[in-house]
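Student:
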Amino acid sequence: MPNPGGSNASQDPSDETLRAAFADYAKENSGSGLEASHQIARLKQDFNLNIGRTTLFKLRKRVQAPSVRKTAKTMHPADLSQHIVDIKENDPLGPWGVDQVRGRLAIEGILATRRATRTALHDHFDDQRFVGNKKSKKHRTHLFALGPWHQEHSDGHEKLGEQALLLGKGIHLPIYGSKDQYAAWLHALVLMPNVRNALAIAHYYLDLVEGRGYRISIQLSVDGGTECTEMLKIHETLRADAAPEFVPPSWPTDNTPIESFWRWKRNGEGRSIRNTLEEGVDPVFSYPMTTFITFYQTFYWIWAPFIQRRLDIYRDYWNHHRLQLSKDKRNGSGLSPKNLFLNPQAGLRPELVHQLREAYGGQEAREKAYRFVSPLFQEAEDRAYVDLGLPNFEMTTIWIVFSNVVRYLEEHFDIAEISDSLYSP
199 MPNPGGSNAS QDPSDETLRA AFADYAKENS GSGLEASHQI ARLKQDFNLN
249 IGRTTLFKLR KRVQAPSVRK TAKTMHPADL SQHIVDIKEN DPLGPWGVDQ
299 VRGRLAIEGI LATRRATRTA LHDHFDDQRF VGNKKSKKHR THLFALGPWH
349 QEHSDGHEKL GEQALLLGKG IHLPIYGSKD QYAAWLHALV LMPNVRNALA
399 IAHYYLDLVE GRGYRISIQL SVDGGTECTE MLKIHETLRA DAAPEFVPPS
449 WPTDNTPIES FWRWKRNGEG RSIRNTLEEG VDPVFSYPMT TFITFYQTFY
499 WIWAPFIQRR LDIYRDYWNH HRLQLSKDKR NGSGLSPKNL FLNPQAGLRP
549 ELVHQLREAY GGQEAREKAY RFVSPLFQEA EDRAYVDLGL PNFEMTTIWI
599 VFSNVVRYLE EHFDIAEISD SLYSP
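Just so we're aligned, residue 199 is where the sequence shown starts under this note's numbering, counting upward by one.
#1: Could you tell me the distance, in whole angstroms, from the CA atom of residue 244 to the CA atom of residue 536?
#2: Would you check if the distance between the CB atom of residue 393 and the CB atom of residue 356 is smaller than 9 Å?
#3: Leaving out five residues on either side along the sequence, give the residues of the same chain with a beta carbon under 6 Å from the beta carbon of residue 500.
#4: Could you check which residue in 586, 546, 575 and 564 has the C-alpha nearest to that of residue 435?
#5: So the candidates are 223, 213, 214 and 217; which of them puts its Cα closest to the Cα of residue 533?
#6: Could you spell out where the alpha helix (DSSP H) holding residue 295 opens and where it closes?
#7: What does the alpha-carbon distance come out to for the pair residue 400 and residue 439?
#8: Pull up the distance between the alpha-carbon of residue 351 and that of residue 571, whole angstroms please.
#9: Note down the Cα distance separating residue 312 from residue 505, rounded to an integer number of angstroms.
#10: Taking the alpha-carbon positions, what's the residue 305 to residue 510 distance?
#11: Less than 9 Å between the beta carbons of residue 391 and residue 372, yes or no?
#12: Between 363, 358, 420 and 411, which lies nearest to residue 379 when the distance is taken from Cα to Cα?
#13: Contact defined as beta carbons within less than 8 Å: I believe residue 627 pairs with residue 294. What is the distance between those atoms, to the nearest angstrom?
#14: Would you say the region 233–240 touches the region 249–267, given that touching needs at least three Cβ pairs under 8 Å?
#15: Bridge partners of residue 278, per DSSP?
#16: Please confirm whether residue 290 and residue 594 have their CB atoms less than 9 Å apart.
#17: So what's residue 378 in DSSP terms, helix, strand or just coil?
#18: Closest Cβ-Cβ distance between residue 222 and chain B: below 9 Å?
#19: Using the rule of at least 16 other Cβ atoms within 10 Å of the residue's Cβ for burial, across every protein chain shown, is residue 407 buried or exposed?
#20: Let me know the secondary structure DSSP gives residue 209 once reduced to three states.
#21: Where residue 608 and residue 274 are concerned, what is the direct C-alpha to C-alpha distance, given to the nearest angstrom?
#22: Would you list the residues sitting across from residue 350 in a DSSP beta bridge?
#23: Going by DSSP in three states, residue 430 sits in which element: helix, strand or coil?
#24: Can you check DSSP and say which residues form a bridge with residue 355?
#25: Of all the options 381, 366, 358 and 264, which has the alpha carbon lying nearest to the alpha carbon of residue 493?
#26: For residue 386, which three-state DSSP category applies?
#27: In three-state terms, what does DSSP make of residue 329?
#28: Drop a sphere of 10 angstroms on the beta-carbon of residue 286, count the other beta-carbons inside from all chains shown, and report buried for 16 or more, exposed for fewer.
#29: Going by DSSP, what residue range makes up the alpha helix (DSSP H) through residue 503?
#30: Could you give the DSSP three-state label for residue 590: helix, strand or coil?
#31: By Cβ distance, which residues of its chain are closer than 8 Å to residue 314, with the 5 residues on each side in sequence left out?
#32: What did DSSP end up calling residue 535 once you bin it into helix, strand or coil?
#33: Find out if the Cβ-Cβ distance for the pair residue 375, residue 386 is shorter than 9 Å.
#34: Look at the alpha carbon of residue 617 and the alpha carbon of residue 569, and state the distance between them as a whole number of angstroms.
#35: Can you find the residues in the same chain that come closer than 7 Å, C-beta to C-beta, to residue 485, ignoring five residues on each side of it along the sequence?
#36: At which residues does the alpha helix (DSSP H) containing residue 314 begin and terminate?
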């Protein structure tokens with residue numbers, strides 16, 4: 199019920215807590231923020247506050263909640279333009295338009311109007327516009343889920359595989375992801391050395407379960423590859439323990455939600471990353487190196503965490519962006535995935551998850567599942583990076599830093615001593 203007086207049975211959150219919550223709400227829907235009714239619902243869910251519109255606006259004013267309108271009054275256009283230039287530094291091919299840039303600005307706490315964003319893009323990146331460019335035809339299929347946590351879809355993505363990159367034997371950058379069907383919430387987007395290894399995917403899934411507070415979806419959909427066998431066994435074990443009332447399913451292989459998502463990922467980050475990888479190949483190979491293992495290890499040392507950082511940024515952007523409104527769509531639309539994803543279902547016993555972890559090799563096996571670089575090389579490359587002055591790098595400068603680290607290793611280390619045959623190509 200509305201509570202015009204703002205009085206609640208429990209202690210109200212502090213102004214700092216409320217301001218942080220309003221700042222988070224403002225990031226959603228591609229930087230447009232949640233409308234008033236959804237803010238009221240979220241305050242009820244997050245803090246058990248029962249308030250109406252009038253009290254909401256009083257609270258926002260009292261805690262000085264950020265908004266697009268306030269930013270327009272306080273931020274100089276030149277400062278906003280600089281923020282946009284910084285964002286576009288990681289978009290060398292230029293496909294990010296107003297919505298993508300505005301959503302990414304919001305993730306960094308910068309709330310900009312569509313007009314201001316469009317003006318800055320015209321001023322600085324007008325040559326990247328695709329005037330009259332038609333949208334590609336949508337991949338359409340009939341999808342329906344009962345709500346959040348009903349159907350979860352997982353899949354591997356190997357468009358940056360060895361045959362695609364052509365950087366050398368064994369060099370590839372596969373990604374594994376999981377997505378909720380109803381809310382389009384992106385659970386995870388993780389770079390892994392091998393997305394076709396069942397043990398590695400088992401640890402990926404256990405990390406996913408732990409990271410979201412020991413919760414699972416009722417149904418897990420995959421494409422039927424052998425890498426999913428242990429993950430499906432884990433899911434079945436956990437679900438039988440947490441929700442035995444549900445009948446075990448025949449595992450579906452219609453994995454459209456996550457498979458079609460890779461197209462959005464490619465348009466959002468993938469093309470720029472691949473273009474940067476390909477542009478750096480010739481300059482990198484233009485000078486002699488003692489061993490290919492130096493290139494191999496340093497490539498993963500610098501590129502694996504960099505791409506994972508870009509994946510984390512994209513996942514954050516995706517979960518806050520506004521889904522296209524569709525009156526015919528039976529799943530959620532017209533809101534951000536985060537706002538739709540509010541309904542946890544099956545809670546688990548943490549001790550059971552830990553027992554399963556040990557059954558699959560424990561922490562040692564988990565670390566191996568994610569390790570791109572040998573421990574000895576990692577230590578040497580970290581030292582090189584420090585001695586080079588901890589240079590900052592983005593998409594446009596990463597190959598320069600890479601080359602400097604390789605040269606440093608060649609000059610200051612005996613590569614044979616720090617090489618590990620387990621990590622050689």
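Glycine is no exception: its CB is placed at the ideal position from the N, C-alpha and C atoms.
Tutor: Let me lay it out:
#1: Position 46 of the sequence shown, counted from the first residue, corresponds to residue 244. Position 338 of the sequence shown, counted from the first residue, corresponds to residue 536. Annotation: residue 244 to residue 536 spans about 13 Å, alpha carbon to alpha carbon.
#2: Counting from 1 along the sequence shown, the entry for residue 393 is found at position 195. Counting from 1 along the sequence shown, the entry for residue 356 is found at position 158. In this structure, residue 356 lies closer than 9 Å to residue 393 by Cβ.
#3: Counting from 1 along the sequence shown, the entry for residue 500 is found at position 302. Only 600 meet the Cβ criterion.
#4: Start at 1 with the first residue of the sequence shown, and residue 435 comes out as number 237. When only C-alpha atoms are compared, the closest one is 546.
#5: Against the sequence shown, residue 533 aligns to sequence position 335. Cα-wise, what sits closest to residue 533 is 223.
#6: Translated into positions along the sequence shown, residue 295 becomes position 97. Residue 295: not part of any alpha helix (DSSP H); DSSP gives it neither H nor E.
#7: Position 202 of the sequence shown, counted from the first residue, corresponds to residue 400. Position 241 of the sequence shown, counted from the first residue, corresponds to residue 439. If you take the alpha carbons of residue 400 and residue 439, they lie about 18 Å apart.
#8: Stepping through the sequence shown from its first residue, residue 351 is reached at position 153. Stepping through the sequence shown from its first residue, residue 571 is reached at position 373. Note on geometry: alpha-carbon atoms of residue 351 and residue 571 lie some 29 Å from one another.
#9: Position 114 of the sequence shown holds residue 312. Position 307 of the sequence shown holds residue 505. Answer to the nearest angstrom: the Cα atoms are 28 Å apart.
#10: For the purposes of this step, residue 305 is taken as the residue at position 107 of the sequence shown. For the purposes of this step, residue 510 is taken as the residue at position 312 of the sequence shown. Between residue 305 and residue 510, the C-alpha separation is close to 11 Å.
#11: On the sequence shown, position 193 is the one that residue 391 refers to. On the sequence shown, position 174 is the one that residue 372 refers to. At the C-beta level, residue 391 and residue 372 come within 9 Å of one another.
#12: Position 181 of the sequence shown holds residue 379. Here the closest residue by C-alpha is 420.
#13: The requested residue 627 is not part of the displayed model; the chain covers only 199 to 623.
#14: Output reads yes: the region 249–267 touches the region 233–240.
#15: Your numbering for residue 278 matches position 80 in the sequence shown. Beta-bridge pairing by DSSP links residue 278 to no other residue.
#16: Position 92 of the sequence shown, counted from the first residue, corresponds to residue 290. Position 396 of the sequence shown, counted from the first residue, corresponds to residue 594. Going by C-beta atoms, residue 290 is nearer than 9 Å to residue 594.
#17: Position 180 of the sequence shown, counting from 1, holds the residue named residue 378. The answer is strand: DSSP assigns residue 378 an E or B state.
#18: In summary, chain B is missing from the structure at hand, where a single protein chain is found.
#19: By one-based count along the sequence shown, residue 407 stands at place 209. So residue 407 counts as buried.
#20: Position 11 of the sequence shown, counting from 1, holds the residue named residue 209. Judged by DSSP in its simplified three-state form, residue 209 adopts coil rather than helix or strand.
#21: For this step, residue 608 is matched to residue 410 along the sequence shown. For this step, residue 274 is matched to residue 76 along the sequence shown. If you draw a straight line from the Cα of residue 608 to the Cα of residue 274, it is about 47 Å long.
#22: Position 152 of the sequence shown, counted from the first residue, corresponds to residue 350. Bridge partners of residue 350: 378 and 418.
#23: The residue labelled residue 430 in the question sits at position 232 within the sequence shown. Looking at residue 430 - three-state DSSP - the assignment turns out to be helix.
#24: Mapped onto the sequence shown, residue 355 falls at position 157. BP columns for residue 355 point to 373.
#25: Taking the sequence shown and counting its residues from 1, one reaches residue 493 at position 295. Comparing alpha-carbon positions, the option among 381, 366, 358 and 264 lying closest to residue 493 turns out to be 366.
#26: Reading the sequence shown from its first residue, position 188 is the one you call residue 386. Residue 386 falls in the strand class under three-state DSSP.
#27: Walking along the sequence shown from the start, residue 329 turns up at place 131. Caution applies to residue 329, whose pLDDT of 49 falls short of 50 and renders its modelled position unreliable; the value that the coordinates give is listed next. If DSSP states are grouped into helix, strand and coil, residue 329 belongs with coil.
#28: The sequence position of residue 286 within the sequence shown is 88, counting from 1. When all chains shown are included, residue 286 counts as buried.
#29: Reading the sequence shown from its first residue, position 305 is the one you call residue 503. Run containing residue 503: 490–518, per the alpha helix (DSSP H) assignment.
#30: Within the sequence shown, residue 590 is the residue found at index 392, counting from 1. Per DSSP, reduced to three states, the secondary structure at residue 590 is coil, with no helix or strand assignment.
#31: Numbered from its first residue, the sequence shown carries residue 314 at position 116. Answer for residue 314: 270, 275 and 278, listed in chain order.
#32: For the purposes of this step, residue 535 is identified with residue 337 of the sequence shown, where counting begins at 1. If DSSP states are grouped into helix, strand and coil, residue 535 belongs with the helices.
#33: The residue labelled residue 375 in the question sits at position 177 within the sequence shown. The residue labelled residue 386 in the question sits at position 188 within the sequence shown. Note that the C-beta distance between residue 375 and residue 386 is below 9 Å.
#34: For the purposes of this step, residue 617 is taken as residue 419 along the sequence shown, with counting starting at 1. For the purposes of this step, residue 569 is taken as residue 371 along the sequence shown, with counting starting at 1. Taken atom to atom, the span from the alpha-carbon of residue 617 to that of residue 569 is near 15 Å.
#35: What you label residue 485 is simply residue 287 of the sequence shown in a count that begins at 1. Because residue 485 sits at a pLDDT of 48, beneath the cut-off of 50, its placement in the model cannot be relied upon, and the point is left open.
#36: Here residue 314 corresponds to residue number 116 of the sequence shown, with the count starting at 1. In the DSSP assignment, residue 314 falls within the unbroken alpha helix (DSSP H) covering 312–323.
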